[in-house]
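Input: a single structure, listed below in structure tokens.
Residue numbers (the numbering used here): 6 to 104.
In structure tokens, the structure reads:
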């Protein structure tokens, strides 16, 4: 399965940027909790790579966290799997995603 999300991220010193983020994963992994966790971890790494540009200021770090949370929401929504959505919305939600 190929997942594509459009990411709009703003930095402190630049106009908002838009980037396509494309992820590939084995859809069969959605059938097990371990597989869903692997997919979710892959999404987290992709969100971090896409949103973090070596932040130095507190406001930049905050923007990166918001960007990552928004991108994770897009990834999970586009997959459309209730179990992955439950993992995303669960108690173990990553700290960056708590705004």
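Using N, Cα and C, we set each Cβ at its ideal position, and we do this for glycine too.
Simplified DSSP assignment, three categories, for residue i
i, result
"residue 25", "strand"
"residue 38", "helix"
"residue 48", "helix"
"residue 80", "helix"
"residue 86", "coil"
"residue 31", "coil"
"residue 66", "helix"
Check whether residue i and residue j have beta carbons under 8 Å apart
i, j, result
"residue 77", "residue 94", "no"
"residue 69", "residue 57", "yes"
"residue 64", "residue 26", "no"
Where residue i falls, given that 16 or more other Cβ within 10 Å makes a residue buried
i, result
"residue 52", "buried"
"residue 41", "buried"
"residue 19", "No answer about residue 19 holds up, because its pLDDT of 41 lies below 50 and its placement is not dependable."
"residue 66", "exposed"
Best match in the options for proximity to residue i [C-alpha to C-alpha]
i, options, result
"residue 92", "75, 38, 74, 54", "38"
"residue 88", "27, 25, 26, 36", "36"
The stretch 68–82 touching the stretch 29–38, judged by at least three CB pairs closer than 8 Å:
Taking 8 Å as the limit for Cβ pairs, the verdict is that the stretch 29–38 does not touch the stretch 68–82.
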